[in-house]
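S.K.:
Protein chains: 2
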Amino acid sequence: MKVLEGFGVSKVLASDNPHFRPGDLISGFTGWEECSLILKTEQLRKIQMDEKIPLSYHLGLLGMPGFTAYTGFYEVCSPKRGESVFVSAASGAVGQLVGQLAKLHGCFVVGSAGTEQKVDLLKNKLGFDDAFNYKEETDMAEALKRYFPEGIDIYFDNVGGATLDAVLMNMRIGGRIAVCGMISQQSLSNPEGIHNLFSLISKRVRMQGFLQSDYLHLFPQFLDCIGELYKKGKITYIEDMSEGLESAPAAFVGLFFGQNVGKQVVCVSRE
Amino acid sequence: MKVLEGFGVSKVLASDNPHFRPGDLISGFTGWEECSLILKTEQLRKIQMDEKIPLSYHLGLLGMPGFTAYTGFYEVCSPKRGESVFVSAASGAVGQLVGQLAKLHGCFVVGSAGTEQKVDLLKNKLGFDDAFNYKEETDMAEALKRYFPEGIDIYFDNVGGATLDAVLMNMRIGGRIAVCGMISQQSLSNPEGIHNLFSLISKRVRMQGFLQSDYLHLFPQFLDCIGELYKKGKITYIEDMSEGLESAPAAFVGLFFGQNVGKQVVCVSRE
Numbered sequence: 001m002k003v004l005e006g007f008g009v010s011k012v013l014a015s016d017n018p019h020f021r022p023g024d025l026i027s028g029f030t031g032w033e034e035c036s037l038i039l040k041t042e043q044l045r046k047i048q049m050d051e052k053i054p055l056s057y058h059l060g061l062l063g064m065p066g067f068t069a070y071t072g073f074y075e076v077c078s079p080k081r082g083e084s085v086f087v088s089a090a091s092g093a094v095g096q097l098v099g100q101l102a103k104l105h106g107c108f109v110v111g112s113a114g115t116e117q118k119v120d121l122l123k124n125k126l127g128f129d130d131a132f133n134y135k136e137e138t139d140m141a142e143a144l145k146r147y148f149p150e151g152i153d154i155y156f157d158n159v160g161g162a163t164l165d166a167v168l169m170n171m172r173i174g175g176r177i178a179v180c181g182m183i184s185q186q187s188l189s190n191p192e193g194i195h196n197l198f199s200l201i202s203k204r205v206r207m208q209g210f211l212q213s214d215y216l217h218l219f220p221q222f223l224d225c226i227g228e229l230y231k232k233g234k235i236t237y238i239e240d241m242s243e244g245l246e247s248a249p250a251a252f253v254g255l256f257f258g259q260n261v262g263k264q265v266v267c268v269s270r271e
Numbered sequence: 001m002k003v004l005e006g007f008g009v010s011k012v013l014a015s016d017n018p019h020f021r022p023g024d025l026i027s028g029f030t031g032w033e034e035c036s037l038i039l040k041t042e043q044l045r046k047i048q049m050d051e052k053i054p055l056s057y058h059l060g061l062l063g064m065p066g067f068t069a070y071t072g073f074y075e076v077c078s079p080k081r082g083e084s085v086f087v088s089a090a091s092g093a094v095g096q097l098v099g100q101l102a103k104l105h106g107c108f109v110v111g112s113a114g115t116e117q118k119v120d121l122l123k124n125k126l127g128f129d130d131a132f133n134y135k136e137e138t139d140m141a142e143a144l145k146r147y148f149p150e151g152i153d154i155y156f157d158n159v160g161g162a163t164l165d166a167v168l169m170n171m172r173i174g175g176r177i178a179v180c181g182m183i184s185q186q187s188l189s190n191p192e193g194i195h196n197l198f199s200l201i202s203k204r205v206r207m208q209g210f211l212q213s214d215y216l217h218l219f220p221q222f223l224d225c226i227g228e229l230y231k232k233g234k235i236t237y238i239e240d241m242s243e244g245l246e247s248a249p250a251a252f253v254g255l256f257f258g259q260n261v262g263k264q265v266v267c268v269s270r271e
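Sequence order for the protein chains is Z and L. full-length UniProt numbering puts the first sequence at residues 1 to 271. full-length UniProt numbering puts the second sequence at residues 1 to 271.
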C-alpha cells in the first residue's frame, strides 16, 4: 500500500541532505500522513518564513495555484489595460488571484462561481467588477452577453465544458483563452463536446494550454511580487481550512462538487 | 435579385476611376457573370502580369488562398526546421502551398486528402513526405500515430471536426494548431463536438484562429516571395478549372464533397 501524495507544507524533523536542516520549513509533495519520509528532495522548496504571511499560504497564494495564476495571466493572456476579463471558478485557489491581478492591471473583471456565498466573496471581498452564479443561468452564452455586451478579451478557463463553449460565442476579435483546467470534465470518462470552435477563426482567437511548471525560472520573481502585494494589502486570499488528517478525503471529494470556499487546505498538525 | 459574388480575375473594360484603365487586369470580388459593374473599387487589386505565371494563379497561388497559406504558416505556426507538420485538405487551394512551404522550411510534412488521386498528387507531385486518404481510416487518431510516432508539432487545420479531435490526441509538447477552416462542419447546423481539448493543457498547445485579411501589410512581400519560388520551379500549383459560367454552381457545390482536385477555378471567358 502506498500513501497518497499531495502538495504540502512541512517542517523538517531529520535530514541527511545538507540543504535541509531540522526545523526548516519546506513545501512540496508529501504524504497524506503526519510524518513523511521524503526521498525525492530535489523537488522540495525551502520556505522563507515571513510572520506577516500565514504558512498555509505557501500552498495557495504563494504556492502552485498562485504561481499558476501569475504565469497564466501575465505569460499566457498578454493582458492590456482596459481589457475585459472573464474568470471561471473565480473564487477558487487560482481564479481568485487571476481576478485580482487583472484588476491591478487595469482590466474589467467578471467571475463565475457556483454558490451565492462565493459570488458575494467575489464582489465584496475580492474586488471583481461583477460576478454571477453559473448554476442559476439557464443560458450561459446569454448570461455572458449581459456581463460583456462588447465581448470578452481574455478568458481564464478553469472549467472547460459548457462554459468554454458559451465563452467562445462571446469572444472579441483578437481575444485570448488561457486553458488552465477543465474541472467540469474531470470526472467524465467521455468529455463533453465543444461545438463553437469556429469562432476561433472569425474572432482570430488564440487559445493556449499551459502548466506552471514550464515557467519555474519566474518563481522567485513571483514570490517577491505577490508577497509584496499581499503585505501591502493590495491582494487578499481566501482559504478553506479543514482540521485533521481524517478530514482530508472528504475535503478532496468536496472539490469536485465545489464545496470548498477558496483554496482547500487540510491542517494535519499545527506548530 | 442580386448577382452572386466570388473572388475573380477580370479585365477592365471601362472605368471612371483613374487608378484603373481599360485593359488593366484586376483581382477582387466580382459577380458570377460575364461583365460586372464594380462599385467598391477600393477592394480591387491590380495584377502585374507576368507571362511565366498563369493569370488564374492570381485566384489561388498568388491570391487569397496562397496568402492564407503564407500568413498561416509563417505568422501563426511559428515553424522551426525539423518539426513535424500535418496538413488536412492538403491538396486544396491552401493546403498544397502550406505543405510545400513547410518542406522548403525543412519540416517533415504529411497531408490528408479524400481520394487516391489526391494522395498520389501529394506524394508524387507536391513533395509531401507522406500522405493518406482519411476516408480509408477507421481510426484517425491511430492513423496519425502511424505517420507521426513522435507526435505533431504543427497542425494546419482546414477541416475541423473529427480530424481536429484526433490531432489533439497526437500533439507534441509545445505544439501549435493554426485554425484556418472547418469545412467538415460547414454544412452542419449543429457542429460536431470536439472532445479532446484537455490535451491543450497537458501538451501546452497553442491553437489560433486567423484570417489572411489581418496581414494585408505582408501582401507585397508574399507576392515577391511566392512568385519567385514558383518561377524558380521550387513550388508547383494544381488547379481544377471548369469551363463556362454555367459550370460554376456545380463546381461550387462540388467543393463541399471534395470533388475538386486542387484550387477550384471557373473560367468564364478567355482573353
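For every residue, glycine included, the Cβ atom is placed at its ideal position computed from N, Cα and C. These numbers come from a predicted model, not from an experiment.
Starting from E75 (chain Z), follow the beta strand (DSSP E) in both directions and report where the run begins and ends.
M.R.: Sequence index remark: in the first sequence, residue 75 (chain Z) carries index 75 (1-based). Looking at the DSSP string, E75 (chain Z) is not in any beta strand (DSSP E), and its letter there is neither H nor E.
S.K.: Measuring CB to CB, does I152 (chain L) end up less than 9 angstroms from N124 (chain L)?
M.R.: Along the second sequence, read from residue 1 onward, the residue named residue 152 (chain L) stands at position 152. Along the second sequence, read from residue 1 onward, the residue named residue 124 (chain L) stands at position 124. Contact flag unset, no.
S.K.: Threshold first: 4 residues or longer. Then list the alpha helix (DSSP H) segments lying entirely within the segment 75-113 of chain Z, N to C.
M.R.: 95-104
S.K.: Between T163 (chain L) and the rest of its own chain, which residues show a CB-CB distance below 8 angstroms, the 5 nearest in sequence each way excluded?
M.R.: By 1-based counting over the second sequence, the position of residue 163 (chain L) is 163. So the qualifying residues of the chain are S88, S112, Y134, M140, D157, S184.
S.K.: Could one say the Cβ of K203 (chain Z) lies closer than 9 angstroms to chain L's Cβ atoms, at least one of them?
M.R.: The sequence position of residue 203 (chain Z) within the first sequence is 203, counting from 1. Yes, contact with chain L.
S.K.: Contact defined as beta carbons within less than 8 angstroms: I believe R172 (chain Z) pairs with K203 (chain Z). What is the distance between those atoms, to the nearest angstrom?
M.R.: Here residue 172 (chain Z) corresponds to residue number 172 of the first sequence, with the count starting at 1. Here residue 203 (chain Z) corresponds to residue number 203 of the first sequence, with the count starting at 1. About 7 angstroms; that satisfies the 8 angstroms criterion.
S.K.: Buried or exposed: which applies to E243 (chain Z), given that a residue is buried once 16 or more other Cβ atoms fall within 10 Å of its Cβ?
M.R.: Against the first sequence, residue 243 (chain Z) aligns to sequence position 243. Burial call: exposed.
S.K.: Is the beta carbon of Q43 (chain Z) less than 9 angstroms from the beta carbon of F29 (chain Z)?
M.R.: In the first sequence, residue 43 (chain Z) corresponds to position 43, counting from 1. In the first sequence, residue 29 (chain Z) corresponds to position 29, counting from 1. Cβ distance < 9 angstroms, so Q43 (chain Z) and F29 (chain Z) count as in contact.
S.K.: Using a Cβ-Cβ distance under 9 angstroms, would E192 (chain Z) count as near chain L?
M.R.: The residue labelled residue 192 (chain Z) in the question sits at position 192 within the first sequence. Answer yes: the Cβ-Cβ gap between E192 (chain Z) and chain L drops below 9 angstroms somewhere.
S.K.: Where do the N-terminal and C-terminal ends of the alpha helix (DSSP H) with I154 (chain Z) fall, by residue?
M.R.: Within the first sequence, numbered from 1, the residue matching residue 154 (chain Z) stands at position 154. Bounds of any alpha helix (DSSP H) do not take in I154 (chain Z); it lies within the beta strand (DSSP E) bounded by 152-157.
S.K.: Could you check whether the Cβ of R21 (chain L) sits closer than 9 angstroms to any Cβ belonging to chain Z?
M.R.: In the second sequence, the residue the question calls residue 21 (chain L) occupies position 21. Judged by the 9 angstroms Cβ criterion, R21 (chain L) is not in contact with chain Z.
S.K.: Per DSSP, V265 (chain L) is paired with what?
M.R.: Residue numbering aside, residue 265 (chain L) sits at position 265 when the second sequence is read from its first letter. For V265 (chain L), DSSP records a beta bridge to L:M241.
S.K.: Taking beta-carbon pairs under 8 angstroms, can you tell me which members of the segment 144-178 of chain L lie near chain Z?
M.R.: G160, L164
S.K.: From C225 (chain Z) to S91 (chain Z), what distance separates their C-alpha atoms?
M.R.: Taking the first sequence and counting its residues from 1, one reaches residue 225 (chain Z) at position 225. Taking the first sequence and counting its residues from 1, one reaches residue 91 (chain Z) at position 91. Computed Cα separation, rounded: 21 angstroms.
S.K.: Please check the pair I201 (chain L) and I194 (chain Z), which I expect to be a contact at CB under 8 angstroms, by giving their CB distance rounded to whole angstroms.
M.R.: Your numbering for residue 201 (chain L) matches position 201 in the second sequence. Your numbering for residue 194 (chain Z) matches position 194 in the first sequence. The Cβ separation is near 14 angstroms, so there is no contact.
S.K.: Could you tell me which of Z:G114, Z:E5, Z:F210, Z:K80 sits nearest to I154 (chain Z), measuring between CA atoms?
M.R.: Here residue 154 (chain Z) refers to the residue found at position 154 when the first sequence is read from its first residue. Sorting Z:G114, Z:E5, Z:F210, Z:K80 by C-alpha distance to the C-alpha of I154 (chain Z) places Z:K80 at the top.
S.K.: In chain order, what residues of the same chain lie with their CB nearer than 6 angstroms to the CB of F222 (chain Z), ignoring the 5 residues before and after it?
M.R.: The residue labelled residue 222 (chain Z) in the question sits at position 222 within the first sequence. Taken in chain order, the residues that qualify are F67, Y70.
S.K.: According to DSSP, simplified to helix, strand and coil, what is G254 (chain L)?
M.R.: The residue you call residue 254 (chain L) lines up with position 254 of the second sequence. Assignment of G254 (chain L) by DSSP, reduced to helix, strand and coil, places it in the helix class.
S.K.: Between E239 (chain L) and S56 (chain L), is the Cβ-Cβ spacing less than 9 angstroms?
M.R.: To locate residue 239 (chain L), count along the second sequence from 1; it is residue 239. To locate residue 56 (chain L), count along the second sequence from 1; it is residue 56. Taking C-beta atoms as the reference points, E239 (chain L) and S56 (chain L) count as a pair closer than 9 angstroms.
S.K.: How is the alpha helix (DSSP H) around residue 350 (chain Z) delimited, first residue to last?
M.R.: This structure does not reach residue 350 (chain Z), given that chain Z is present from 1 up to 271, and the question cannot be answered.
S.K.: Locate the alpha helix (DSSP H) running through T163 (chain Z), then write down its first and last residues.
M.R.: The residue given as residue 163 (chain Z) occupies position 163 in the first sequence. Where T163 (chain Z) is concerned, the enclosing alpha helix (DSSP H) stretches over 161-168.
S.K.: Reducing DSSP to helix, strand and coil, say where E136 (chain Z) ends up.
M.R.: As a first step, residue 136 (chain Z) is located in the first sequence; it is residue number 136 there, counting from the start. The answer is helix: DSSP assigns E136 (chain Z) an H, G or I state.
S.K.: Tell me whether the beta-carbon of P22 (chain L) lies closer than 9 angstroms to the beta-carbon of N196 (chain Z).
M.R.: Locating residue 22 (chain L) in the second sequence gives position 22, where the first residue counts as 1. Locating residue 196 (chain Z) in the first sequence gives position 196, where the first residue counts as 1. Contact flag unset, no.
S.K.: What whole-angstrom Cβ distance do L168 (chain Z) and S199 (chain Z) have, given they're in contact under 8 angstroms?
M.R.: Along the first sequence, read from residue 1 onward, the residue named residue 168 (chain Z) stands at position 168. Along the first sequence, read from residue 1 onward, the residue named residue 199 (chain Z) stands at position 199. That belief holds up - the Cβ atoms of L168 (chain Z) and S199 (chain Z) are roughly 5 angstroms apart, short of 8 angstroms.
S.K.: Answer with yes or no whether the minimum CB distance from F210 (chain Z) to chain L is below 9 angstroms.
M.R.: The residue labelled residue 210 (chain Z) in the question sits at position 210 within the first sequence. It does: the Cβ of F210 (chain Z) has a partner Cβ on chain L nearer than 9 angstroms.
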